[in-house]
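Taking this note's numbering, the leading residue of the sequence shown gets 6, the next gets one more, and so forth.
Glycine residues also receive a C-beta, built at the ideal position from the N, C-alpha and C atoms.
Working notes for the structure below.
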Amino acid sequence: MGQNQEMAIAQMREAVHKLGSSTEGFAETTLMRFLIARSLDAEKAAKMFVQWQKWRASFVPLNFIPPTEVADELNAKKVFLQGISRTGHPVVMVQVSKHFPAKDQLQFKKFVVHVLDKSIASGFRGKEIGNEKLIVILDLQQISYKNIDVRGMITGFQFLQAYYPERLAKCYLIYMPGFFVHAWRLVSRFLEKATLEKIVIVTSEEEKREFTWEVGEVLPEEYGGQAKLTLVQDVELTPLELDD
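In structure tokens:
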């Protein structure tokens, strides 16, 4: 870690203290995620960190979302957790054709947290380091207009940006139909530049090769790989342990 980063971390710890909170027990790697998300601005990173602490305490009081609280979303069998990519990141896949706009928005938000927490935790090597990232694949094949959920996509990405800074390694959109382009443009307006730079709409042969190579041996058979699709609820993990 460079001198500038060490200085930024020290300034951030002090700024968090001034905001009435504490960074005690949090690794430097965790604090760096917030700093990177705010361009090493210690004051802005501290504000983001404290907002995250407050949100986590109120929205995820058990430090994880129990499957019983998101049963309807899990029953749709639309999210798969495939294991670790060639680049060392957990791979989570969403089959959008099985998704419909949620009638229960609170359960949907909890489901987003449940999936993100479980996906991140699947990348732990014994304990959380603090800088684990994940790869998200949005499979848009065979979708119809009734599967398009602009609000839901915005919610998912906003949660990533606000509460899981620097957790996204890459997001691949595959088999995007032409009629989805307008919806994606609407979603894109809510995405930060750093998030947009991590999104790949797979269309060219070069992009397909990159996608296949990065996902590696956990790419499902249905997509040209050798792995079996594994529903997120079928993956056994201990609840997400934060580094505090």
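For Gly88, name the three-state secondary structure that DSSP assigns.
-> Shown here, Gly88 sits in a strand according to DSSP, grouped into three states.
Compare the beta carbon distance of Arg38 and Pro170 with 7 Å and say whether it is the shorter of the two.
-> yes
Helix, strand or coil: how does DSSP classify Ala174 here?
-> strand
Collapsed DSSP secondary structure at Ala107 in the structure displayed | coil
Distance, Leu40 Cα to Gln56 Cα | Spanning the two alpha carbons is a distance of roughly 14 Å.
If we call anything under 7 Å between Cβ atoms a contact, is Ala188 one with Val155?
-> yes
With respect to the alpha helix (DSSP H) encompassing Val192, which residues constitute its N-terminal and C-terminal limits?
-> Val186 to Ser193
Tell me whether Lys100 sits in a helix, a strand or coil according to DSSP, three-state version.
-> First, the amino acid is wrong: residue 100 is Gln here, not Lys. Looking at Gln100 - three-state DSSP - the assignment turns out to be strand.
CB contact flag (Tyr180, Trp60, <7 Å) | no
Met158: buried (16+ other C-beta within 10 angstroms of its C-beta) or exposed?
-> buried
Contact check, Arg130 vs Gly221, beta carbons under 7 Å = no
Counting only runs that start and end within the region 26 to 66, where is the alpha helix (DSSP H) found for 4 or more residues in a row?
-> Within the region 26 to 66, the runs of alpha helix (DSSP H) that reach at least 4 residues and sit entirely inside it are, in chain order, 33 to 42 and 47 to 64.
Exposed unless 16 or more other CB atoms sit within 10 angstroms - verdict on Val99 = By the beta-carbon neighbour count (other beta carbons within 10 angstroms, threshold 16), Val99 is buried.
Find the nearest neighbour of Met12 within the set Phe31, Asp46, Lys213 and Leu79, judged by alpha-carbon distance.
-> Among Phe31, Asp46, Lys213 and Leu79, the Cα nearest to that of Met12 is on Asp46.
Buried versus exposed call for Asp248 [16 or more other C-beta atoms within 10 Å across all chains shown] = Bear in mind that the predicted position of Asp248 carries a pLDDT of just 49, short of 50, making it too unreliable to give a figure here.
Secondary structure at Asp77, three-state DSSP: helix, strand or coil?
-> DSSP places Asp77 in helix when its eight states are reduced to three.
Span of the beta strand (DSSP E) holding Leu143?
-> Counting along the chain, the unbroken beta strand (DSSP E) around Leu143 starts and ends at Leu139 to Asp144.
Endpoints, the alpha helix (DSSP H) within which Val220 is located = Unbroken alpha helix (DSSP H) run through Val220: Glu210 to Val220.
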